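In our numbering, the protein residues as written are 202 to 370.
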């Protein structure tokens with residue numbers, strides 16, 4: 202299982218400290234310039250850590266698999282959610298899919314994109330029953346047709362894989 206890195210959260214306290222110090226310095230002073238460079242350097246470090254993690258993960262996925270199935274998400278719209286925006290931006294989903302696409306092209310692999318409105322987590326992977334009343338807070342659910350237990354994320358992954366491979370056939 203892949204562990205989420207959350208680079209922004211790791212450096213948040215140091216970034217806040219440096220930005221507070223920067224805000225108290227007089228504009229145009231040499232000390233403010235030095236502090237501005239320190240803040241920029243920390244932002245660059247966060248960006249480099251995120252980029253390195255994405256490159257390593259995309260490289261590993263492309264090398265280990267012939268076909269990678271992904272769900273095309275509207276990341277720009279998802280970032281509008283005030284509670285999740287920082288975490289979604291930190292995960293860089295759009296950049297990750299872009300990296301997967303060009304690395305797949307280089308290595309002769311295939312990327313299968315599933316449409317955005319495909320009900321991957323609401324559809325049971327065994328009987329294809331669609332649970333229309335399921336809200337986002339539900340993590341485990343039982344299918345009323347076949348009585349099988351579904352974990353939301355594992356079920357969605359199986360459905361995305363099935364749909365992606367069906368789209369290639």
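Using N, Cα and C, we set each Cβ at its ideal position, and we do this for glycine too. The structure presented is a predicted model; accordingly, all values stated were derived computationally and were not measured.
In this structure, residue 319 lies near residue 360, with their beta-carbon atoms less than 9 Å apart. With a cut-off of 8 Å on Cβ pairs, the segment 212-223 is not in contact with the segment 257-265, counting fewer than three such pairs. Residue pairing by DSSP puts residue 343 in a beta bridge opposite 350. DSSP places residue 312 in the uninterrupted beta strand (DSSP E) bounded by 311-315. Linking residue 287 to residue 334 through their CA atoms gives a straight-line distance of about 28 Å. Residue nearest to residue 249 within the set 284, 291, 338 and 227 is 291 (criterion: CA-CA distance).
No Cβ-Cβ contact shorter than 9 Å links residue 305 with residue 366. Put simply, of 295, 210, 238 and 236 the residue whose alpha carbon is nearest the alpha carbon of residue 273 is 295. The DSSP-derived three-state label of residue 233 is helix. Nearest C-alpha to residue 209 among 289, 278, 268 and 258: 289.
Here residue 309 is exposed, its C-beta having fewer than 16 other C-beta atoms within 10 Å.
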